[in-house]
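Protein chains in written order, with the numbering used here: chain A, 9 to 194; chain B, 328 to 745. For each residue, glycine too, the CB sits at the ideal point set by N, CA and C. Predicted model only: the values in this text are computed from it and were never measured. Below: the structure, in structure tokens.
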Amino acid sequence: MLNERGVMQGAFILSHTFSPPSVLGLRLRPFSPWHGLLLEAAGSPFVCGGRTDADDLILGVWICTKSYRDGFRAATDVAAARKWGAKIKRFNLAAELSAFNYYLDASFTAPEYWKSGDGSSVKAPYFWHLAYFAMHRLHLTEADAWDYPIAKISCYQACAAELGGNSNLMSADEIKGIETLKAESK
Amino acid sequence: MSAIAQLKALFSIDTKQAEAAIDSIGNKVKQLGSNQLAGLKGMIAGAFSVGVIASFGRKMLQTADDLQTAANTFGTSMQTMIALKSVMAESGIGAEKFMRVFGKLSASVSEAKAGVKTYTDAFAAMNIAQEDLIGLDVDKVLELMAKRYGEANDKAEFLAATSKALGERIGPQLIEVFQRINKEGLEKFRDEAASVAAGMSDTAAAADAFERLGSKVVNMVAAVNSGFQHLKWTLVDVATQWISFGEAWRQNAVQEVVEVSDDVKRRAALRRAAQRGAPAAPEYEPNMTDPAREEKMRVARVAKEQEKAAKEKEKAAQEKSDRAKELFNLYAQQNELKEREKELLAGTLQPGISSPERGRVDSLQAVGGLIGGAGGGAIERRAEKQLKVTEDMQKELQRLYSKMDEVRTAIAALSEDV
């Protein structure tokens, strides 16, 4: 819904309209807390930061095609990974990497907030918090929560925060204004 | 354990070892601080790369096998096939199209050699006489076409003729092929292909073996030849040590592929440079003296006559065989007619679809009809019908005899020839 602060942030519509691409011949699933948890545990630079290589891309794509319902074993199915490799005829690493980065950027697009400085850091993993929110506030089953797109969870979190009295959510105009100021200061 | 044995073991057993390793990771993560699933990257990327390499190996075997089959079919060598494939590839003609064009050219040359007008005309328009084709393999014909193209005043007409000979329009690409052959000579490509040909022949043999045994492709790739040592070791490394995809690929096979690729690029650049200011291409056709040319033409004439005589003989034999078959059929027909004649004369067969009056009623009903006086005028009707039946039978017999006469005449006529 529009309000006096202008149009809504792009994250609120992108979370519904974004369709994950195919990378290395596999159709990716919407990025979920399950994907984030496994990639973080594997030290993937896509989640933890750092330089990426072909192996990181392969693991990232592989994990992002699996669901929580498939289980940990599916994400570690080396025989299936071998079959996947056998189907690849030729690929452009740079192009595939770019497609995967685009997928991650879109998946991690979340509503933006003004920094209040009164936030407290959490010690439980971020992706566990997302799954917990999906179960606790959205009343999803455990499996559904772990497979739910993080982009949508982030938007629901923004709504919940605002309803809970948090007024730090930025409007689209404010985001645009910040960008304009940044551009002028360069 | 040898490398090949390791590979065989890997591809024949299931992935229990890997699964055990993953279970171990999954169970021990609680003891670790970060990157608990660090081993997962190498395993998945390693398995992926085994698949990629196995697929690459399968494709390599298929290519080698296709080339060997084509070489056998067209009666040329693997070396020539590779050389021609290189020329075509550098001119933008892919492997599939190359095989198709080469196949059509081979067929057209055979037809032209046999004197089929469409093709002799097409080659004549390229200034290639029928006798020029005698004794030339297809690759030599292609060279000759390139030479004639270089000499042709009307290039468009020449290309139209090639379209007729090849059955498809590949004009601009073929021009490039001709120019390349004229500038550099096919021999140069043959020389370059020499070192590859031996390895490819071995690989093709391996592909045959693979087909026969239905075995694991990687075993055959690993066993093929020294040209693929690097690939073999990459397979072993990736498959047995779960080293990373990028790691193994960089260390061994990819490096090899990159080097080959760069070499091809260098060669292509040199050729382009040479084309810009190269001296005239050497003549393909050896200088032929007049007596030699006359002898060649005489041999061509004799060959053509012999071929013509053989064809006529074959045609005559076929005709005789056809007549014998026809005679056999006529005898069979005659027998059938005789059988029908016997049946008609015996009265066991009623003509047409009419059935006897009594045929539709049982004996008791018939008697009932007679006793009950139901047959008012029935006797007359029956007599009338019997008369009609007799007339029909006579007509049928007449038709039969007429047909038998025709068959007899045909048999007599054919018997004289056979």
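Nearest by alpha-carbon distance to A:W122: which of A:G33, A:H24, A:L22 and A:S175 is it? A:S175
Close beta carbons around B:V468, own chain, < 6 Å, minus the five adjacent residues each side: V436
For A:A118, return the contacting residues in chain B, with the cut-off set at a CB-CB distance below 9 Å. Within 9 Å Cβ-Cβ: nothing; A:A118 doesn't reach chain B, min ~24 Å.
Evaluate A:H147 with the Cβ neighbour count: other Cβ atoms within 10 Å of its Cβ, from every protein chain shown; 16 or more gives buried, anything less gives exposed. exposed
Specify the secondary structure class of B:V587 as computed by DSSP and reduced to three states. Its pLDDT being 34, under 50, B:V587 is placed unreliably by the model, and the measurement read from it follows with that caveat. In this structure, B:V587 counts as helix in the three-state DSSP scheme.
Where do the N-terminal and C-terminal ends of the alpha helix (DSSP H) with B:V465 fall, by residue? V465 to E478
Rounded straight-line distance, which links the Cα of A:S193 to that of A:D113: 25 Å
Anything in chain B within Cβ reach of A:A168, meaning under 7 Å, just list it in chain order. Correct list: empty, because the minimum Cβ distance to chain B is about 30 Å.
Thinking C-beta only, is B:T489 closer than 8 Å to B:M453? yes
Would you verify that the beta carbon of A:R90 is, or is not, closer than 8 Å to some beta carbon of chain B? yes
Below 8 Å CB to CB, which residues in the same chain sit around B:V734 once its five sequence neighbours on both sides are set aside? L657, Q660, Q661 and L664
So what does A:L46 bridge to, in DSSP terms? Its beta-bridge partners do not exist; DSSP assigns none.
Could you give the DSSP three-state label for A:V130: helix, strand or coil? coil
Residues near A:T60 by beta carbon distance below 6 Å, same chain, minus five either side: P53
8 Å Cβ cutoff met for A:T73 and A:R35: yes
A:T117: buried (16+ other C-beta within 10 angstroms of its C-beta) or exposed? buried
Anticipated Cβ contact below 8 Å, B:K440 with B:Q457, distance rounded: 7 Å
Under 7 Å Cβ-Cβ, which residues of chain A neighbour B:G421? In chain order: nothing, as chain A lies at least about 14 Å away.
Quick one: does A:L67 have its CB under 8 Å from some CB of chain B? yes
Does the beta-carbon distance from B:R475 to B:S418 come in below 8 Å? no
Quick one: which chain A residues come within Cβ less than 9 Å of B:A416? By Cβ distance, chain A contributes nothing, its closest Cβ being about 16 Å from B:A416, past 9 Å.
Contacts of A:D78 in chain B (Cβ-Cβ under 9 Å): In chain order: nothing, as chain B lies at least about 14 Å away.
Determine which residues share a DSSP beta bridge with A:V31 and list them. A:L34
For A:Y110, does the three-state DSSP call read helix, strand or coil? helix
Inter-residue spacing [alpha-carbon to alpha-carbon] between B:S329 and B:Q406: The pLDDT assigned to B:S329 is 37, lower than 50, so where the model puts this residue is not dependable; a value taken from the coordinates is nonetheless given after this. Cα to Cα, B:S329 sits roughly 33 Å from B:Q406.
Give a yes or no on whether the C-beta atoms belonging to A:Q17 and A:I158 are separated by under 8 Å. no
Using beta carbons (cut-off 8 Å, strictly below), is A:H24 in contact with chain B? no
Less than 8 Å between CB atoms is the rule here; does B:S413 satisfy it with respect to chain A? no
Pull up the distance between the alpha-carbon of A:A102 and that of A:V69, whole angstroms please. 14 Å
Inter-residue Cα distance where the pair is B:Q645 and B:G494: 30 Å
Can you give me the C-alpha to C-alpha distance between B:E484 and B:M415, rounded to a whole angstrom? 22 Å
Enumerate in chain order the residues of its own chain whose CB-to-CB distance from B:A737 is below 6 Å, with the five nearest sequence positions on each side excluded. L657
Contact with chain B by A:A50, beta-carbon distance below 8 Å: yes
Do we get a CB-CB distance below 8 Å when we pair A:D63 with the residues of chain B? yes
Where the segment 93–113 of chain A meets chain B: residues whose CB sits under 8 Å from a CB there: G93, A94, K95, I96 and K97
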